[in-house]
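Read in the working numbering, the sequence shown has 75 at position 75, and its numbers run on one by one without any break. For glycine and all other residues, C-beta sits at the position ideal for the given N, C-alpha and C. All of these numbers come straight from a predicted model, not from anything done at the bench.
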Amino acid sequence: MSTRREVNLGILSTVAAAAATATTPALAQTPAPIDLPSPDTAGGKPLMLALKGRKTLRDYSDRPLSNQDLSNVLWAAWGVNRPQSDGRTVPRWRDAYLLDVYLVRADGVWLYEPKTHRLLFHMAGDLRGQTTTGQSFVATAPLNLVYAFDTSKMPNATDAEKNATSGATAGVTGQNVYLYCASAGLATVFRESVPAALAKTLQLPAGQIIQFAQTVGYPRV
Ligand SMILES: Cc1cc2nc3c(=O)[nH]c(=O)nc-3n(C[C@H](O)[C@H](O)[C@H](O)COP(=O)(O)O)c2cc1C
């Protein structure tokens, strides 16, 4: 794992220049943002029951998530839970907002915008299979969350600090998603199996690294 992290950091300087080379289908019109329903912040299982049921599943139905489940998953991942202070459901390194959660789905790549609780279109194409180094279920599961971390906002940090901070941030986010999935009967797996070039594939700005992704869907029954 450390090898891939080093590679991810190593490509930082080349990401911006290389981004333009990625090929994606042309769209006649940029899809409009998708408003999500409000998260159901009063429902779900008690925390201890969710912890009791937390587990990894790798066998997914291809059925898309309902809008409500999608809303709840994203709010659990990186949602605003204290609007007055833009507080989030996960802690932040030095109070900085360095995480971006991308959704890689059959209908393209979207960026979750926490403050408006909506999805912003990022790029066209079904890139689900490109978010894994070889786990086949990833290409057909309805949703892959990609945890992008902006190291450009920590200029004085060492590569080791950037990696540790990125990993910890993805980890706390991933556990929130695990607990929501356990509460709601969804399947999920937190994954290090992401290609070193995923930030480039997703045409992310220089300095953004991706160490982890997380597949989410309904269990195949
Ligand atoms: C840092 C980290 C990386 C992981 N990477 C992968 C992965 O690439 N692919 C995968 O299928 N599972 C991955 N997992 C999930 C673990 O394999 C899983 O949590 C473990 O087998 C225990 O199963 P459980 O989550 O059901 O308790 C990862 C978990 C962690 C914490």
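Residue 156, buried or exposed, once every other Cβ within 10 Å from all chains shown has been counted against 16: In the sequence shown, counting from the first residue as 1, residue 156 sits at position 156. Per the 10 Å Cβ criterion, exposed.
Kindly provide the chain-ordered list of residues whose Cβ lies closer than 6 Å to any non-hydrogen atom of ligand 1. Those residues, listed in chain order, are 55, 56, 58, 135, 189, 190, 191, 192 and 193.
Are there 16 or more other CB atoms within 10 angstroms of the CB of residue 21, so buried, or fewer, so exposed? Residue 21 sits at position 21 when you count from the first residue of the sequence shown. Confidence is the limiting factor: at residue 21 the pLDDT is only 41, short of 50, which leaves the residue's position unreliable, though a coordinate-based value still follows. Exposed, since its Cβ has fewer than 16 Cβ neighbours within 10 Å.
Give me the Cβ distance between residue 99 and residue 169, rounded to the nearest whole Å; I'm assuming they're in contact under 8 Å. To locate residue 99, count along the sequence shown from 1; it is residue 99. To locate residue 169, count along the sequence shown from 1; it is residue 169. Contact holds; Cβ gap of about 5 Å.
Residues that DSSP places opposite residue 110 in a beta bridge: Here residue 110 refers to the residue found at position 110 when the sequence shown is read from its first residue. Residue 110 pairs with 103 and 121.
Measuring CB atoms only, is the segment 210-221 touching the segment 141-148, in the sense that at least three cross pairs come out at less than 8 Å? With the rule of 3 Cβ pairs closer than 8 Å, the segment 210-221 counts as touching the segment 141-148.
How many Å lie between residue 45 and residue 51 at the Cα? Here residue 45 refers to the residue found at position 45 of the sequence shown. Here residue 51 refers to the residue found at position 51 of the sequence shown. Cα-Cα distance, rounded: 10 Å.
Contact between the segment 80-90 and the segment 129-142: three or more CB pairs below 8 Å? no
For residue 87: DSSP bridge partner residues: Here residue 87 refers to the residue found at position 87 when the sequence shown is read from its first residue. Per DSSP, 82.
Are there 16 or more other CB atoms within 10 angstroms of the CB of residue 116, so buried, or fewer, so exposed? As a first step, residue 116 is located in the sequence shown; it is residue number 116 there, counting from the start. Classification for residue 116: exposed.
Go through the segment 142-214 residue by residue and report every complete run of the beta strand (DSSP E) that reaches 3 residues or more, in order. 143-150 and 187-191
Specify the secondary structure class of residue 21 as computed by DSSP and reduced to three states. Against the sequence shown, residue 21 aligns to sequence position 21. Interpretation of residue 21 is limited by its pLDDT of 41, a score under 50 that renders its predicted location unreliable; no figure is taken from the coordinates.
From the DSSP output, in three-state form, read off residue 138 for me. On the sequence shown, residue 138 is found 138 positions in, with the first residue counted as 1. Residue state, collapsed to three classes: helix.
Under the assumption that residue 103 contacts residue 57 (Cβ atoms under 8 Å), give the Cβ distance between them as a whole number of angstroms. Taking the first residue of the sequence shown as position 1, residue 103 is located at position 103. Taking the first residue of the sequence shown as position 1, residue 57 is located at position 57. Not a contact, Cβ separation roughly 19 Å.
How big is the Cα-Cα spacing for residue 36 and residue 187? The residue you call residue 36 lines up with position 36 of the sequence shown. The residue you call residue 187 lines up with position 187 of the sequence shown. Cα-Cα distance, rounded: 21 Å.
In angstroms, rounded to a whole number, what distance separates the CA positions of residue 175 and residue 189? Working through the sequence shown from its first residue, we reach residue 175 at position 175. Working through the sequence shown from its first residue, we reach residue 189 at position 189. One C-alpha to the other measures close to 10 Å.
Quick one: Cα of residue 140 to Cα of residue 82, how far? Here residue 140 is taken as the residue at index 140 of the sequence shown, counted from 1. Here residue 82 is taken as the residue at index 82 of the sequence shown, counted from 1. Residue 140 and residue 82: Cα-Cα distance of roughly 35 Å.
Between the Cα of residue 154 and the Cα atoms of 65, 72 and 97, which residue gives the shortest distance? Within the sequence shown, the letter at position 154 stands for residue 154. For residue 154, the nearest C-alpha among the options comes from 97.
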